[in-house]
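Numbering (the numbering used here), first residue to last: 35 to 479.
Every residue gets a Cβ at the ideal spot worked out from N, C-alpha and C, and that includes glycine.
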């Protein structure tokens with residue numbers, strides 16, 4: 035009985051621990067969602083302020099983006115409604131399953147019904163998960179494509195920032211006249227960046243014309259063997275559609291790719307250092323201008339100081355009154371909070387007492403039930419033992435009676451045999467006498 039209680043306590047502790055872990059995970063997820071919502075709200079404010087602002091001079095250029103965003107928002111809302119409907123459907127099916135479990139019937143039909151409900155729920159959940167997985171894959175592909183486009187645009191912007199202003203004006207004029215010349219920006223790029231972009235463009239992109247799987251397999255084994263040429267022998271069986279010459283050619287391309295990429299990074303780094311120096315000079319100039327503006331502002335404030343003293347005094351009095359009111363309000367709220375906390379604490383203590391009393395009553399009931407079950411078991415064993423003893427006595431008496439009846443039957447049969455034997459003997463004697471009498475009569479004749 036003690037072991038049963040200990041097992042039950044362990045199960046309760048385990049379930050409590052699992053609930054705490056689930057609550058902790060849920061709290062972490064909610065915190066992450068809250069952070070993401072805050073970031074989204076900040077981005078939305080920046081978007082409305084800088085891009086979709088009605089007073090912005092680029093309003094007309096960004097109108098198509100606004101229409102596209104409105105369309106995507108409508109699509110997200112529609113998708114959210116569909117997801118909620120699917121989740122509600124799954125929730126109703128689970129609730130239906132729980133209702134069926136309340137009235138359990140140990141029949142094959144009921145078990146088959148539960149099995150069908152469970153299979154239906156499992157199929158719906160798997161279908162929902164598969165749909166979401168496909169959508170997530172599509173979003174990830176769109177994200178990768180967008181990221182690559184952003185990288186290309188960033189490279190283009192970096193190359194533009196390296197050009198003199200006169201060149202930028204010329205390039206802007208040319209791009210306005212011809213879309214083809216706008217796309218051909220490699221001729222105006224610095225040598226390192228232009229060489230890298232030209233190499234990537236002419237050799238099939240950032241993977242040298244290979245698909246994602248083959249290129250990633252090539253990189254994985256190349257990194258595994260730290261660029262040693264022996265990795266070619268190991269990667270060849272994993273690329274059955276590539277010949278050894280193609281793999282070696284891809285290795286040569288990749289070395290050239292890395293070399294040009296490092297040169298590009300170094301050139302961009304130098305350009306950024308130069309821009310930082312120019313930025314520091316500009317900041318120094320701006321700071322000087324700000325100092326002059328501050329001095330002018332100080333002179334202006336000194337002239338207005340006399341006019342604003344009375345207003346400041348009235349504001350201070352008003353602020354002091356507001357602070358007093360806020361302090362009184364805060365003290366009142368704190369008092370109410372303490373009273374509410376004390377009330378909750380008492381309610382919690384009362385609930386704990388009720389739970390402890392309920393637990394004690396339940397333990398007493400279980401112990402009493404165990405005792406009754408034990409007494410019932412002992413009584414059943416005693417009755418069974420008495421019945422077995424009675425059966426043994428009856429069987430013994432029946433055997434004895436059968437033996438006695440058998441002996442009597444045998445004795446009776448022996449007596450009947452003796453009687454029959456006597457009758458046969460008498461018959462024989464009668465026959466013999468008859469024979470003698472008939473023979474004597476013949477003699478007298």
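What would DSSP say about residue i, mapped onto helix, strand or coil?
i	result
residue 497	No answer is possible for residue 497: it lies beyond the span of the chain, which begins at 35 and ends at 479.
residue 259	coil
residue 274	coil
residue 240	coil
residue 139	coil
residue 315	helix
residue 245	coil
residue 395	helix
residue 128	helix
residue 264	coil
residue 215	With a pLDDT of 40 at residue 215, under the threshold of 50, the predicted position of this residue should be treated as unreliable, though the coordinate-derived value follows. Helix at residue 215.
residue 201	Because the pLDDT of residue 201 is 48, which lies under 50, any placement of that residue in the model is unreliable, and the number read from its coordinates should be weighed accordingly. The answer is helix: DSSP assigns residue 201 an H, G or I state.
Under 8 Å, do residue i and residue j count as touching if we go by C-beta distance?
i	j	result
residue 281	residue 270	yes
residue 247	residue 268	no
residue 273	residue 237	no
residue 130	residue 159	no
residue 233	residue 291	yes
residue 242	residue 288	yes
residue 17	residue 123	Coverage of the chain is limited to positions 35 through 479, which leaves residue 17 absent and any answer about it impossible.
residue 226	residue 308	no
residue 283	residue 266	no
residue 115	residue 192	no
residue 134	residue 148	yes
Just to check my reading of the structure: residue i and residue j have Cβ atoms closer than 8 Å, yes? What is that Cβ distance to the nearest angstrom?
i	j	result
residue 155	residue 117	That pair is no contact at about 17 Å.
Beta-carbon of residue i versus every beta-carbon of chain C: anything under 8 Å?
i	result
residue 71	No chain C appears in the structure shown, which is made up of a single protein chain.
Hey, which unbroken runs of the beta strand (DSSP E) at 3 residues or more fall wholly within the stretch 351-378? none
Counting only runs of 4+ residues fully inside the stretch 386-473, write out the alpha helix (DSSP H) ranges in chain order. Runs of the alpha helix (DSSP H) inside the stretch 386-473: none found.
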